[in-house]
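Peer 1:
Number of protein chains: 2
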Amino acid sequence: MLTKHEALAVVLQVRDAALQVLLWQHDRGPAMGSWALPGGPLADRETLGQSIARQLAEKVDVRHLAHLEQLETRSDLERAPRERVLATAYLGIVPADERSVIPADAAWHQVAALPAMAFDHASITVSGVRRLRAKLCYTNLGFALAPKVFTASELQAVYQAALGHDVSTTNLKRILVRRQQIIETGTLSPPGRAGGRPAAQYRFRAREIDVTDQFAVLRPPVDRVPSPGDDEVSTTTARSD
Amino acid sequence: MLTKHEALAVVLQVRDAALQVLLWQHDRGPAMGSWALPGGPLADRETLGQSIARQLAEKVDVRHLAHLEQLETRSDLERAPRERVLATAYLGIVPADERSVIPADAAWHQVAALPAMAFDHASITVSGVRRLRAKLCYTNLGFALAPKVFTASELQAVYQAALGHDVSTTNLKRILVRRQQIIETGTLSPPGRAGGRPAAQYRFRAREIDVTDQFAVLRPPVDRVPSPGDDEVSTTTARSD
DNA sequence: CAGGTTATTGCCTGACAGTCCATAACCTGA
DNA sequence: TCAGGTTATGGACTGTCAGGCAATAACCTG
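Residue numbers (this note's numbering), protein chains in the order written: chain U, 1056 to 1296; chain A, 1056 to 1296.
Okay, structure coming up:
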């Protein structure tokens, strides 16, 4: 059986201290007036990944997606009216400091207050948000949400908006430093007009997704292979202070 | 554009102390002689989930999949020869004690020693195994691998085979009990012929996938709001003996 | 009942998240 | 110049959990 297939994208960005999703408004067709995820039909000689990248570049001016990954494929018979269309959804992340121009029929909407959406697009959006929130906890996906350089406070604001709940600046910074996700640049941010101590600036060490092995519970036992410098001297008594 | 679409399944089971995948051998066609994942073309009026369930029931006698979830969709142009076929892969898990009859052209293969496989099926299999191993750590997916009732040692053997590395029985049991994934049945397993203390038997509390919130790092601050009534019965002191 | 076998429990350690608080480093205005 | 406000940072403390080890429990056979 031959079927139509489309690629869709849940494009997320932290804007105005809130997690928002990029939607565009159907100007005709069966879902006229409701909001839809960007995307469209798969073309002849492209993969799904190429397709969604092309369509995002065409329809909306999002040239600098920091991250793009496949989310899921929906195949419900009635998900589209009139004829059957399979849809493979992607999750895209835009850094908080990017201010790309979008067409007139597109707009950012807070994920906490989604408008009336076409077909199953609201449900797909929820999947994307859930995926982002989960991955913020056990990967370095924050690099895709944050600006290139940021202070601990700025990063806290981004995480708080994305996760949708309070985040401790102290704790966040310590966790990400310990996991070696973020690194101090050595530069300082100028204090605000009200004064205050200047803040140290950080950047993410990598700009590609990387899973924290921290959460490999039931992990393989570490082969105690001491480097050829530190020998049998028990590590429990090696403290010199 | 209209495309062919197929559903495939990575069906995994722990057999003979090793994680194995169910494959069948192409008896004709372009990949004749190599091993393939079970599955086939999407039919007219079915979803992808229905399709893979139907095709598994038809082609191989796996009636009691304990778990089935969507894995990913492959869309490489050259993944199939001659014409373009999109493939959505599923991950299926069979409990270790199920001994279903499979057709003559199908066989179980150790994932640690995969045979020559058709198209991109080897790569899809690796994805499925990786997904299973990850989810064993932060969900209760073990319920799908283990028998309905088991001892700590039996469960350890299943996890060790599935994860592919040593697992401590003590630690495994403690973790799963603390997470309230497994519960003591109260029954005892008879000792083996060599003697030994009889082992307590356990079962999984739920037989549906459930994510351990344990790994929600940067989690929302807990509002210490004890529900009026159910708090004083601390579970740690509820032991009556 | 001695000795072998398997299961279970109880400590101990180290790592980490989460919270609180003291201190540092800047500002403005008197 | 300094007092007081503001923001940032680091240290200390706690509780939870994973991982490892060893002692004990409960069965067997000869």
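Quick reminder that beta carbons are idealized off the backbone N, C-alpha and C, glycines included.
Taking beta-carbon pairs under 9 Å, can you tell me which members of the stretch 1220-1234 of chain U lie near chain A?
Peer 2: Going along the stretch 1220-1234 of chain U in chain order, one finds H1220, D1221, V1222, S1223, N1226, L1227 and I1230 with a Cβ nearer than 9 Å to chain A.
Peer 1: Could you pull out every unbroken beta strand (DSSP E) segment of at least 3 residues lying fully inside the stretch 1151-1180 of chain A, listed in chain order?
Peer 2: 1161-1165
Peer 1: Select from A:R1154, A:T1194, A:T1240 and A:G1251 the residue whose C-alpha is nearest the C-alpha of A:I1264.
Peer 2: Nearest C-alpha to A:I1264: A:T1194.
Peer 1: Hey, does U:S1130 have any beta-carbon neighbour from chain A nearer than 9 Å?
Peer 2: yes
Peer 1: So the beta strand (DSSP E) U:A1144 belongs to, where does it begin and stop?
Peer 2: V1140 to V1149
Peer 1: Count the other C-beta atoms from every protein chain shown that fall within 10 angstroms of the C-beta of U:A1142, then say buried if there are 16 or more, exposed otherwise.
Peer 2: buried
Peer 1: Could you pull the DSSP bridge partners for U:Q1075 from this structure?
Peer 2: Answer by DSSP bridge pairing, in chain order: U:Q1068 and U:Q1165.
Peer 1: Should U:Q1125 be flagged as near chain A, meaning a C-beta pair shorter than 9 Å?
Peer 2: For U:Q1125, the closest Cβ of chain A is nearer than 9 Å.
Peer 1: Taking 7 Å as the limit between beta carbons, can you name the residues of its chain near A:T1240, skipping five residues before and five after?
Peer 2: V1204, Q1256, Y1257 and R1258
Peer 1: Counting only the same chain and skipping the five closest in sequence on each side, list residues whose C-beta sits under 8 Å from that of A:P1281.
Peer 2: Reliability fails at A:P1281, whose pLDDT of 36 lies under 50, so the model's placement of it is uncertain and the value that follows must be treated cautiously. If we look at A:P1281 and ignore the five residues flanking it on each side, it has no Cβ neighbours.
Peer 1: Let's test the definition: count the other Cβ atoms within 10 Å of the Cβ of U:A1135 and tell me whether it reaches 16, buried, or not, exposed.
Peer 2: Classification of U:A1135: buried, given that the 10 Å Cβ count is 16 or more.
Peer 1: With DSSP run on the structure shown, which of helix, strand or coil describes U:G1197?
Peer 2: helix
Peer 1: Distance, Cα to Cα, A:V1065 vs A:A1091?
Peer 2: The alpha-carbon atoms of A:V1065 and A:A1091 are separated by roughly 10 Å.
Peer 1: So, with DSSP's three-state summary, where would you put U:G1104?
Peer 2: Secondary structure at U:G1104: helix, using DSSP grouped into helix, strand and coil.
Peer 1: Which same chain residues end up closer than 8 Å to A:T1206 when comparing Cβ atoms and leaving out the 5 residues on each side of it in sequence?
Peer 2: Only residues of its own chain outside the window of five on either side were considered, and among them S1244, A1254, A1255, Q1256 and Y1257 have a CB closer than 8 Å to the CB of A:T1206, listed in chain order.
Peer 1: 9 Å is my cut-off, CB to CB: does A:Y1257 come that close to chain U?
Peer 2: no
Peer 1: Which first and last residues belong to the alpha helix (DSSP H) in which A:L1231 is found?
Peer 2: T1224 to R1233
Peer 1: According to DSSP, simplified to helix, strand and coil, what is U:E1061?
Peer 2: strand
Peer 1: Any beta-carbon of chain A closer than 9 Å to the one on U:G1104?
Peer 2: yes
Peer 1: Would you mind sorting U:R1129 into buried or exposed? The rule is 16 or more other CB atoms within 10 Å of its CB.
Peer 2: buried
Peer 1: Distance, Cα to Cα, U:A1073 vs U:A1217?
Peer 2: Rounded to the nearest angstrom, the two C-alpha atoms are 7 Å apart.
Peer 1: In the DSSP assignment, the beta strand (DSSP E) including A:L1132 goes from what residue to what residue?
Peer 2: Segment: none, A:L1132 is in no beta strand (DSSP E) and carries neither H nor E.
Peer 1: Relative to the C-alpha of U:V1184, which residue among U:E1127, U:T1267 and U:D1099 is closest?
Peer 2: U:E1127
Peer 1: What residue range does the beta strand (DSSP E) around A:L1243 cover?
Peer 2: I1237 to S1244
Peer 1: Measuring only between beta-carbons, confirm whether A:K1190 sits less than 9 Å from chain U.
Peer 2: no
Peer 1: With respect to the alpha helix (DSSP H) encompassing U:A1207, which residues constitute its N-terminal and C-terminal limits?
Peer 2: Per DSSP, U:A1207 is one residue of the alpha helix (DSSP H) stretching across A1207 to L1218.
Peer 1: Along chain U, which residues have their Cβ under 8 Å away from the Cβ of A:R1137?
Peer 2: Going along chain U, no residue has its Cβ under 8 Å from A:R1137, so there is no contact; the nearest lies around 15 Å.
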